[in-house]
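The structure under discussion appears below in the form of structure tokens.
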Amino acid sequence: MKIPDDVLAVLADPRVIIAGDRVRIPFELDRPLYERVDHILRMAGGRWDRRKRVRAHVFGHQVEEFMRQAIASAEFPSRYEQGWYPSPPPVVEKLLEHAGISDQRPGLTVLEPSAGTGCIAGPAAARGAVVDVVEIDARRVEVLHRQGFARRVVHGDFLTDVHPLDYPEGFSRVVMNPPFNDAVAHVEHALGFLGDDAVLVSVMPEYVLWRSDLTTKKFRWHVEGNEGEFVPLPRDAFTPSGVTVHAVLAIVPTGHEGCTVRNHSWHRRYPKQQYELFAL
Ligand SMILES: C[S@@+](CC[C@H](N)C(=O)[O-])C[C@H]1O[C@@H](n2cnc3c(N)ncnc32)[C@H](O)[C@@H]1O
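With the working numbering applied, the sequence shown has no gaps in its numbers, which climb one by one up to 283 at the end.
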């Protein structure tokens, strides 16, 4: 949900106290502006606690990282708009660990194809990776440009506008937390960007472990048949982002014997036109 400019100016005021589970505005606002700020904080999941010793909007989770993201991007993931929820730092830490992205190994090439405001991509770059990002939302693209950590920022729909052969080589790592309503399609497409001896690590909805429709079943077989695995995340892993989503990490390597992942080398061998012709 978009935060209007006047409300954003209040929330970004250095006098506002954002700490623990609460946001406190220790100065007077005129009534109409106060009501607009109150409305936005409630939509973000806050509850006004009028008790004298509190007098703050109290959230059901730690709020610093959530508000940092909200202020940077001028929006927040409301209860009614679940497509964007930034990965909280402990999730990012775990994801990067499984991907083997660390300052002990600088120079890995990394793609983040649904980068949001860079919660995964930024820390990957800070560990010395060379990071390319894709993001569909113009506001978040602006935030990514502003941060300046990425080698290349593509503003577009990853599924339809971005093809593996747009990049001359495959990436050593793909790290992602795609929109959950289309997570399997995003991850399947992202596998095409992996180089040889590479790894994809993605946050995914927990349902990929048990849903019995053919697409999800095929996806599970694909991961497990390629020495991949699913690692559960704590049930409350995303509460710092203000949403309740149950998630796992999907890990898919390439380069093993009998690998059937259609990675970047596969796309080079079977360019799109040739593949479509063959499929007819
Ligand atoms: C769950 S959020 C995660 C953001 C970021 N990866 C993170 O972990 O903090 C998913 C992001 O994917 C973006 N997105 C949704 N559909 C997309 C698409 N088709 N192509 C590229 N980005 C997309 C959304 O705008 C949102 O920023």
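Glycine included, every Cβ here is placed at the ideal spot set by N, Cα and C.
Keep in mind that this is a model prediction, so the values were computed, not measured.
Rounded straight-line distance, which links the Cα of residue j to that of residue i
| i | j | result |
| --- | --- | --- |
| isoleucine 74 | glutamate 38 | 18 Å |
| valine 57 | proline 237 | 30 Å |
| serine 22 | leucine 44 | Strictly speaking, residue 22 in this sequence is alanine, with serine absent from that position. The straight-line gap from Cα to Cα measures roughly 14 Å. |
| glycine 231 | serine 205 | 12 Å |
| methionine 46 | valine 61 | 12 Å |
| glycine 245 | tyrosine 273 | 43 Å |
| glutamine 72 | proline 92 | 12 Å |
| glycine 103 | alanine 15 | 35 Å |
| serine 117 | methionine 207 | 13 Å |
| threonine 257 | proline 235 | 21 Å |
| glutamate 78 | methionine 70 | 10 Å |
| histidine 148 | histidine 158 | 10 Å |
| aspartate 24 | glutamate 67 | 8 Å |
| aspartate 33 | glycine 151 | 37 Å |
Residues near residue i in its chain [Cβ-Cβ closer than 8 Å; skip 5 each side]
| i | result |
| --- | --- |
| valine 211 | Ala186, Val187, Thr219, Phe222, Arg223, Phe233, Val251 and Ala253 |
| valine 146 | Ala75, Ser76, Thr120 and Gly121 |
| aspartate 9 | Leu36 and Arg39 |
6 Å Cβ shell around residue i - same chain, five flanking residues per side excluded
| i | result |
| --- | --- |
| isoleucine 20 | Arg27 |
| alanine 109 | The sequence shown places proline at residue 109, rather than the alanine named in the question. For proline 109, where only same-chain residues beyond five positions count, the Cβ hits under 6 Å are Gly131. |
| histidine 64 | Thr242 and Pro243 |
| aspartate 106 | Arg130 and Gly131 |
| glycine 340 | For the chain, the structure presents residues 4 to 283; residue 340 sits outside this window and is missing. |
Close Cβ partners of residue i (< 7 Å) along its chain, the five nearest in sequence each way excluded
| i | result |
| --- | --- |
| glycine 195 | Pro167, Arg265, Asn266, His267 and His270 |
| glycine 289 | With the chain covering 4 to 283 only, the question about residue 289 has no answer from this structure. |
| phenylalanine 30 | Arg18 |
| phenylalanine 174 | Thr112, Val113, Leu114, Phe196, Leu197, Gly198 and Ala201 |
| threonine 263 | Gly228 and Asn229 |
| aspartate 160 | Ile139 |
Identified DSSP bridge partners for residue i
| i | result |
| --- | --- |
| lysine 5 | Glu78 |
| phenylalanine 233 | Ala253 |
| alanine 22 | Arg25 |
| leucine 212 | None, per the DSSP bridge assignment. |
| serine 268 | BP columns for serine 268 are empty, so no partner. |
| tryptophan 51 | His60 |
| valine 178 | Val204 |
Inter-residue CB distance, residue i and residue j (contact presumed, cutoff 8 Å)
| i | j | result |
| --- | --- | --- |
| valine 255 | leucine 203 | 5 Å |
| aspartate 135 | arginine 155 | 4 Å |
| valine 248 | phenylalanine 183 | 6 Å |
> Which ranges does the alpha helix (DSSP H) cover as unbroken runs of at least 4 residues, wholly within the stretch 62 to 117, from first to last along the chain?
Replying inline: Whole alpha helix (DSSP H) segments, 4+ residues: 67 to 76 and 92 to 102.
> What are the uninterrupted segments assigned as beta strand (DSSP E) that are 3 or more residues long and contained completely in the stretch 135 to 173, given in chain order?
Replying inline: Fully enclosed beta strand (DSSP E) runs of 3 or longer: 155 to 158.
>> Restricting to runs no shorter than 3 residues, where is the beta strand (DSSP E) found entirely within the stretch 180 to 209?
In response: Runs of the beta strand (DSSP E) inside the stretch 180 to 209: 197 to 208.
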